[in-house]
Amino acid sequence: MAAALFVSDLHLCPTRPAATRLFLDLLAALPAQGGPLYILGDLFEYWAGDDDLDEPFNASVAAGIKRLVARGVEVVVLAGNRDFLLGDGFAAASSARLLDEPQLISVGGQATLLLHGDSLCTNDHAYQEFCREVRSEAWRSAFLARPLAERHAEIESMRARSEEQKRIKPAAIMDVASDAVDALLRRYDYPRLIHGHTHRAGRNEHLVDGHLCERWVLGDWYGAASYLRCDEAACDFLPWPG
Ligand code: MN
-2 MAAALFVSDL
8 HLCPTRPAAT
18 RLFLDLLAAL
28 PAQGGPLYIL
38 GDLFEYWAGD
48 DDLDEPFNAS
58 VAAGIKRLVA
68 RGVEVVVLAG
78 NRDFLLGDGF
88 AAASSARLLD
98 EPQLISVGGQ
108 ATLLLHGDSL
118 CTNDHAYQEF
128 CREVRSEAWR
138 SAFLARPLAE
148 RHAEIESMRA
158 RSEEQKRIKP
168 AAIMDVASDA
178 VDALLRRYDY
188 PRLIHGHTHR
198 AGRNEHLVDG
208 HLCERWVLGD
218 WYGAASYLRC
228 DEAACDFLPW
238 PG
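Spelled out as structure tokens, the structure:
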């Protein structure tokens, strides 16, 4: 099999051109007809709606993905908590498959469950409440009906509030809750788990009902960029550029 690649939490935005350039370079460097690329949320620092594709920065990222897909590489995008407003317009502009989480896939015959990861942070009750609200169809359609400039302003103020919250919250409640992980692993028959969101890159093990499950957490692209590569034998983190 061609190895599958996984990234998340790139948090691309016009004010972080280095990360954007690294990502576009990675897309261009992947071999034609190679294994799939899974982007597990927070590709963008935020997404105000698909009508924001007129913005050259957003259009350039979508075009970079589209060029990779045109070279015969499947790109799958799951939305994160920053870019949950990605929609059909982005999928069309990028040729990526935009899928709901969680996604159960096979990597070299091993069942592997993919998600962004914020839904596992169940100890953060205020955050989960916020997610339930903004991810509802009613909130989504009402928000997207507002003018783009107004949405940008609202997102900026939500981000400022969220940064303030993160400063005062204990680190432990912003990590995944082990009971939420166990419940998910049980529900999907003890797969390998790959997610991002917490920015705590690494390999974890969970023993659930006698099944030893791997949980891989992807790294963010704020500092050193990396991706996870999995084939039938193993998963490994690779730095980018390699
Ligand atoms: Mn996130």
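In the working numbering, the protein residues as written are -2 to 239. Glycine is no exception: its CB is placed at the ideal position from the N, C-alpha and C atoms.
Practice problem: Would you decide whether D51 is buried or exposed? Buried here means 16 or more other CB atoms lie within 10 Å of its CB. | Solution: Start at 1 with the first residue of the sequence shown, and residue 51 comes out as number 54. D51 comes out exposed.
Quiz item: Using a threshold of 7 Å, is the CB atom of N55 nearer than that to any non-hydrogen atom of the ligand MN?
Solution: Taking the first residue of the sequence shown as 1, we reach residue 55 at position 58. Checking the Cβ of N55 against the ligand MN gives no.
Practice problem: Counting only the same chain and skipping the five closest in sequence on each side, list residues whose C-beta sits under 6 Å from that of W218. | Solution: Locating residue 218 in the sequence shown gives position 221, where the first residue counts as 1. Excluding sequence neighbours, W218 sits near L7 and A16.
Self-check item: Below 5 Å from a heavy atom of the ligand NAP - residues by beta-carbon
Solution: Absence of the ligand NAP is noted for the structure shown, with the ligand MN being the only ligands found.
Quiz item: Of all the options R79, W237 and E229, which has the alpha carbon lying nearest to the alpha carbon of G106?
Solution: As a position in the sequence shown, residue 106 is number 109, starting the count at 1. Among R79, W237 and E229, the Cα nearest to that of G106 is on E229.
Self-check item: Cβ neighbour criterion (16 or more within 10 Å) applied to L34
Solution: Mapped onto the sequence shown, residue 34 falls at position 37. Per the 10 Å Cβ criterion, buried.
Practice problem: Mind reading off the beta-carbon distance from R64 to L24? Whole number of angstroms is fine, and I expect it under 8 Å. | Solution: Numbered from its first residue, the sequence shown carries residue 64 at position 67. Numbered from its first residue, the sequence shown carries residue 24 at position 27. Their Cβ separation, rounded to whole angstroms, is 7 Å, which keeps R64 and L24 in contact under 8 Å.
Quiz item: If you draw a straight line from the C-alpha of A139 to the C-alpha of F41, how long is it?
Solution: As a first step, residue 139 is located in the sequence shown; it is residue number 142 there, counting from the start. As a first step, residue 41 is located in the sequence shown; it is residue number 44 there, counting from the start. Taking the straight line from one Cα to the other gives about 21 Å.
Self-check item: A222 - DSSP class collapsed to helix/strand/coil
Solution: The count along the sequence shown starts at 1 and reaches residue 222 at position 225. Looking at A222 - three-state DSSP - the assignment turns out to be strand.
Quiz item: Grouping DSSP H, G and I as helix and E and B as strand, with all else coil, what is H192?
Solution: Walking along the sequence shown from the start, residue 192 turns up at place 195. Note: H192 maps to strand in three-state DSSP.
Quiz item: What is the rounded straight-line gap between the Cα of A93 and the Cα of D176?
Solution: Here residue 93 is taken as the residue at index 96 of the sequence shown, counted from 1. Here residue 176 is taken as the residue at index 179 of the sequence shown, counted from 1. If you take the alpha carbons of A93 and D176, they lie about 33 Å apart.
Quiz item: Going along the chain, which unbroken runs of the beta strand (DSSP E) with 3 or more residues stay wholly within the stretch 85 to 152?
Solution: 94 to 96, 100 to 104 and 107 to 111
Quiz prompt | Straight-line gap, C128 to S57 (C-alpha atoms, nearest Å) | solution = Numbered from its first residue, the sequence shown carries residue 128 at position 131. Numbered from its first residue, the sequence shown carries residue 57 at position 60. Each residue's alpha carbon lies about 29 Å from the other.
Practice problem: Would you decide whether A26 is buried or exposed? Buried here means 16 or more other CB atoms lie within 10 Å of its CB. | Solution: Here residue 26 is taken as the residue at index 29 of the sequence shown, counted from 1. That one is exposed.
Quiz item: Quick one, which of H203, V173 and T195 has its alpha-carbon nearest R183's?
Solution: One-based indexing of the sequence shown puts residue 183 at position 186. Cα-wise, what sits closest to R183 is H203.
Exercise. Compute the Euclidean distance between the alpha carbons of R200 and A59, then round it to the nearest angstrom.
Key: One-based indexing of the sequence shown puts residue 200 at position 203. One-based indexing of the sequence shown puts residue 59 at position 62. Going from the Cα of R200 to the Cα of A59 covers about 30 Å.
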